[in-house]
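**Student:** Sharing a structure, written as structure tokens. Questions coming.
There are 2 protein chains.
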Amino acid sequence: MRPKTRPLRSTRPSFIEAARRQQIVETAIATIAARGLEGASLADIAQDAGISKGVISYHFAGRAALIQAILDEILAQSHTYIMDRVARRRRAADKLAEYIRASFDFIGTHRPNFVTWLNLWGSLRSPEQRTRYNARLYEPCRMAIATILSAGQRNKEFKPFPARELSVVIQGAIDGIMLQWILDPAGIDLRAASRRLRALFDWQTRAA
Amino acid sequence: MRPKTRPLRSTRPSFIEAARRQQIVETAIATIAARGLEGASLADIAQDAGISKGVISYHFAGRAALIQAILDEILAQSHTYIMDRVARRRRAADKLAEYIRASFDFIGTHRPNFVTWLNLWGSLRSPEQRTRYNARLYEPCRMAIATILSAGQRNKEFKPFPARELSVVIQGAIDGIMLQWILDPAGIDLRAASRRLRALFDWQTRAA
DNA sequence: TCAAAATGTGACCATGCGGCCAAAAACCAG
DNA sequence: CTGGTTTTTGGCCGCATGGTCACATTTTGA
Chain A
2 MRPKTRPLRS TRPSFIEAAR RQQIVETAIA TIAARGLEGA SLADIAQDAG ISKGVISYHF
62 AGRAALIQAI LDEILAQSHT YIMDRVARRR RAADKLAEYI RASFDFIGTH RPNFVTWLNL
122 WGSLRSPEQR TRYNARLYEP CRMAIATILS AGQRNKEFKP FPARELSVVI QGAIDGIMLQ
182 WILDPAGIDL RAASRRLRAL FDWQTRAA
Chain B
2 MRPKTRPLRS TRPSFIEAAR RQQIVETAIA TIAARGLEGA SLADIAQDAG ISKGVISYHF
62 AGRAALIQAI LDEILAQSHT YIMDRVARRR RAADKLAEYI RASFDFIGTH RPNFVTWLNL
122 WGSLRSPEQR TRYNARLYEP CRMAIATILS AGQRNKEFKP FPARELSVVI QGAIDGIMLQ
182 WILDPAGIDL RAASRRLRAL FDWQTRAA
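Protein chains in written order, with my numbering: chain A, 2 to 209; chain B, 2 to 209.
Shown next as structure tokens:
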């Protein structure tokens, strides 16, 4: 019998454990995207996954832990995909353009993830009012952009500008457009937005 | 005794009714901002407002109706404030800059509103899966910007560009930066972002 | 001034939720 | 095969929630 408080991961998670966790997280993303956060009880998620409710309790410490796992999963998937594509480019200007293009590509092909992502923003500071955790979520994205920008400035590809400040604006523009698209898919042309953003920030960064 | 189903607003709402509704909505905004959506029960809100729980049920058809009222209130406040300031400017370029500046000013001075706003995004389609309502929420903002842009193009202040497309980008940038600031206030410099956005879109729109 | 309407109260209720557990089932090493 | 371990099941429980109601209080208007 697994003790109630997990023994600090004494052994590696079994194959079944990893698979089940993954399955539950993915089902939960779909369920939340479809019915909203409040409409997605553990029972609902279990039913969608075709398992008993107890299984979720067995693999996750509680609802909060499941939500945390969902957040991590969504963020990791997106980050991995984007950075993979960025890494294939050499020049800073290409990296920046690819960052934007990959972001929109991923958003466009993973709508449920971002619908759920949106539903979960409100739950971010639930556990202990830890507003601070949220910073941890966003900082890597801004950091990635800022790194590209700084590198471009170092090798004179880019002109001088405050990299950190601009990275906030770039990430903001991407997320803000995503938000509009989540709330009103028919009203937003993701492809056009992606194109314009690339042109806009290319113009804004490239040396004369 | 008021009938359960409201008689289609046969008479104008009384003074007390209007005041109470306003009080409840404002208290609810604060409560949700402080404790999160799931942590803000009707009982909590009532307590914060110093009234009995039944009063909320008396003035609102249910929790969903209250949330809807909150959304309308937040949106109306913001929209009114911004458009008031925009209206004071004559030239299109000034209107655009003022739109951006006013947006950030309002965001910066009404944090609780936007924390709650963020918490409520997930509840937008709760009632009937009406994803469509969301469009109604965002469209006015984009419309306002597009109107400014079009006017500027007509009188040659602005160069030619797809106004609708750019308005999506402008509103997106504002909201995306707001989002980062909500999640991580210490990590974002609103003033700098406002300045950069104004410069960026001035550059992007103004005729040569 | 006073009855009727509007508003507020606090207790009450049904419901659904997250969490728990004892027993069954599946899995696996020896 | 077998005994121990992991995983799953399905039902149960306590609790908090949104909503309702009979009654108290205040406001209104003639």
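Every residue gets a Cβ at the ideal spot worked out from N, C-alpha and C, and that includes glycine.
Is the Cβ-Cβ distance between A:I175 and A:S79 less than 8 Å?
**Tutor:** The residue labelled residue 175 of chain A in the question sits at position 174 within the first sequence. The residue labelled residue 79 of chain A in the question sits at position 78 within the first sequence. No, the pair does not count as a contact, with Cβ atoms beyond the cut-off.
**Student:** Please go through the same chain and pick out, in chain order, the residues whose beta-carbon is closer than 7 Å to the beta-carbon of A:P161, but skip the five residues on each side of it.
**Tutor:** In the first sequence, counting from the first residue as 1, residue 161 of chain A sits at position 160. Within the same chain, Cβ atoms closer than 7 Å to the Cβ of A:P161 are found at Q154, the five residues on either side in sequence being excluded.
**Student:** In chain B, which residues lie less than 7 Å from A:E99 when you measure between Cβ atoms?
**Tutor:** For the purposes of this step, residue 99 of chain A is taken as residue 98 along the first sequence, with counting starting at 1. Going along chain B, no residue has its Cβ under 7 Å from A:E99, so there is no contact; the nearest lies around 19 Å.
**Student:** At a CB-CB cut-off below 7 Å, which residues of chain B make contact with A:N156?
**Tutor:** The count along the first sequence starts at 1 and reaches residue 156 of chain A at position 155. Within 7 Å Cβ-Cβ: nothing; A:N156 doesn't reach chain B, min ~23 Å.
**Student:** Measure from the C-beta of A:A120 to each C-beta in chain B and report whether the shortest distance is under 8 Å.
**Tutor:** By 1-based counting over the first sequence, the position of residue 120 of chain A is 119. According to the sequence as given, residue 120 of chain A is Asn; it is not Ala. Closer than 8 Å: yes.
**Student:** Taking C-alpha atoms, which residue in A:L121, A:Q181, A:R143, A:A209 lies nearest to A:A34?
**Tutor:** The sequence position of residue 34 of chain A within the first sequence is 33, counting from 1. Looking at the Cα atoms, A:L121 is the closest of the given residues.
**Student:** How many whole angstroms separate the CB atoms of B:V26 and B:I71, which I take to be in contact at a CB cut-off of 8 Å?
**Tutor:** Working through the second sequence from its first residue, we reach residue 26 of chain B at position 25. Working through the second sequence from its first residue, we reach residue 71 of chain B at position 70. Confirmed, Cβ separation roughly 6 Å.
**Student:** What is the rounded straight-line gap between the Cα of A:A194 and the Cα of A:G177?
**Tutor:** Translated into the one-based positions of the first sequence, residue 194 of chain A becomes position 193. Translated into the one-based positions of the first sequence, residue 177 of chain A becomes position 176. For A:A194 and A:G177, the distance between alpha carbons rounds to 11 Å.
**Student:** Less than 7 Å between the CB of B:H60 and some heavy atom of the ligand NAD, yes or no?
**Tutor:** Summarising the ligand content, the structure contains no ligands, and the ligand NAD is consequently not present.
**Student:** Return no unless some Cβ of chain A is closer than 8 Å to the Cβ of B:I57.
**Tutor:** On the second sequence, residue 57 of chain B is found 56 positions in, with the first residue counted as 1. Chain A contact via Cβ: absent.
**Student:** If you follow the alpha helix (DSSP H) that A:L119 is part of, which residue opens it and which one closes it?
**Tutor:** Translated into the one-based positions of the first sequence, residue 119 of chain A becomes position 118. Membership of A:L119 in the alpha helix (DSSP H) is indicated by the continuous run 112 to 121.
**Student:** Just the Cα atoms here: how many angstroms apart are A:A98 and A:L191?
**Tutor:** Counted from its first residue, the first sequence places residue 98 of chain A at position 97. Counted from its first residue, the first sequence places residue 191 of chain A at position 190. The straight-line gap from Cα to Cα measures roughly 15 Å.
**Student:** How big is the Cα-Cα spacing for A:V169 and A:A147?
**Tutor:** Mapped onto the first sequence, residue 169 of chain A falls at position 168. Mapped onto the first sequence, residue 147 of chain A falls at position 146. Rounded to whole angstroms, A:V169 to A:A147 spans 9 Å at the Cα level.
**Student:** Less than 6 Å between C-beta atoms, sequence neighbours within five positions excluded: which residues of the same chain meet that for A:H60?
**Tutor:** Here residue 60 of chain A corresponds to residue number 59 of the first sequence, with the count starting at 1. Correct list, in chain order: R21, R22.
**Student:** Counting only beta-carbon atoms, is B:E27 nearer than 8 Å to chain A?
**Tutor:** One-based indexing of the second sequence puts residue 27 of chain B at position 26. By this cut-off, B:E27 is not an interface position.
**Student:** Taking B:K54 as part of the alpha helix (DSSP H), name the residues at either end of that continuous run.
**Tutor:** Along the second sequence, one-based indexing puts residue 54 of chain B at 53. Taken as a continuous stretch (DSSP letters only), the alpha helix (DSSP H) holding B:K54 covers 54 to 60.
**Student:** Please go through the same chain and pick out, in chain order, the residues whose beta-carbon is closer than 7 Å to the beta-carbon of A:V116, but skip the five residues on each side of it.
**Tutor:** By one-based count along the first sequence, residue 116 of chain A stands at place 115. Contacts found: A34, I183.
**Student:** Assuming contact is defined by CB atoms lying nearer than 8 Å, are A:I57 and A:N114 in contact in what I supplied?
**Tutor:** Locating residue 57 of chain A in the first sequence gives position 56, counting from the first residue. Locating residue 114 of chain A in the first sequence gives position 113, counting from the first residue. When the beta-carbon positions are compared, A:I57 and A:N114 stay at least 8 Å from each other.
**Student:** Can you have a look at A:S42 and say buried or exposed, based on whether 16 or more other CB atoms are within 10 angstroms of its CB?
**Tutor:** Stepping through the first sequence from its first residue, residue 42 of chain A is reached at position 41. Classification for A:S42: exposed.
**Student:** Could you tell me the distance, in whole angstroms, from the CA atom of B:T206 to the CA atom of A:A209?
**Tutor:** On the second sequence, position 205 is the one that residue 206 of chain B refers to. On the first sequence, position 208 is the one that residue 209 of chain A refers to. The straight-line gap from Cα to Cα measures roughly 20 Å.
**Student:** Output, in chain order, the set of chain A residues within a Cβ distance shorter than 7 Å of B:A193.
**Tutor:** Within the second sequence, numbered from 1, the residue matching residue 193 of chain B stands at position 192. Under the 7 Å cutoff, chain A gives E166.
**Student:** List the residues of chain B whose Cβ lies closer than 7 Å to the Cβ of A:A174, in chain order.
**Tutor:** To locate residue 174 of chain A, count along the first sequence from 1; it is residue 173. Here the neighbours are V170, G173, A174, G177.
**Student:** In the DSSP assignment, find the alpha helix (DSSP H) that holds B:I83 and state where it starts and stops.
**Tutor:** As a working mapping, residue 83 of chain B is identified with position 82 in the second sequence. B:I83 -> alpha helix (DSSP H) spans 64 to 88.
**Student:** Strictly below 7 Å CB to CB, what residues from chain B border A:G123?
**Tutor:** Here residue 123 of chain A refers to the residue found at position 122 of the first sequence. Residues of chain B passing the Cβ test: G37, L38, L119, N120, G123.
**Student:** To the nearest angstrom, how far is the alpha carbon of B:E166 from that of A:A50?
**Tutor:** Start at 1 with the first residue of the second sequence, and residue 166 of chain B comes out as number 165. Start at 1 with the first residue of the first sequence, and residue 50 of chain A comes out as number 49. Cα to Cα, the separation comes out at about 40 Å.
**Student:** Among all the DSSP beta bridges, which residues are the ones paired with B:F1?
**Tutor:** Since the first residue of chain B shown is 2 and the last is 209, residue 1 of chain B is not available in this structure.
**Student:** Compute the Euclidean distance between the alpha carbons of A:G55 and A:G63, then round it to the nearest angstrom.
**Tutor:** Looking up residue 55 of chain A in the first sequence gives position 54. Looking up residue 63 of chain A in the first sequence gives position 62. Each residue's Cα considered, the two are about 11 Å apart.
**Student:** Just to make sure I have the definition right: I need the residues of chain B whose C-beta is within less than 7 Å of the C-beta of A:Q205. Which are they?
**Tutor:** Position 204 of the first sequence holds residue 205 of chain A. Correct list: L201.
**Student:** Give me the Cβ distance between A:E158 and A:A200, rounded to the nearest whole Å; I'm assuming they're in contact under 8 Å.
**Tutor:** For this step, residue 158 of chain A is matched to residue 157 along the first sequence. For this step, residue 200 of chain A is matched to residue 199 along the first sequence. With 8 Å as the limit, A:E158 and A:A200 do not qualify as a contact, their Cβ atoms being about 17 Å apart.
**Student:** Buried or exposed, going by whether 16 or more other CB atoms sit within 10 Å of the CB of A:T110?
**Tutor:** Counting from one through the first sequence, the residue named residue 110 of chain A turns up at place 109. Per the 10 Å Cβ criterion, exposed.
**Student:** B:R126 and A:G37 - do their beta-carbons sit closer together than 8 Å?
**Tutor:** For the purposes of this step, residue 37 of chain A is taken as residue 36 along the first sequence, with counting starting at 1. For the purposes of this step, residue 126 of chain B is taken as residue 125 along the second sequence, with counting starting at 1. Their beta carbons are under 8 Å apart, which means A:G37 touches B:R126 by this criterion.
**Student:** Please list the partners that B:R126 has in chain A, where partner means a Cβ-to-Cβ separation under 7 Å.
**Tutor:** Locating residue 126 of chain B in the second sequence gives position 125, where the first residue counts as 1. Simply G37.
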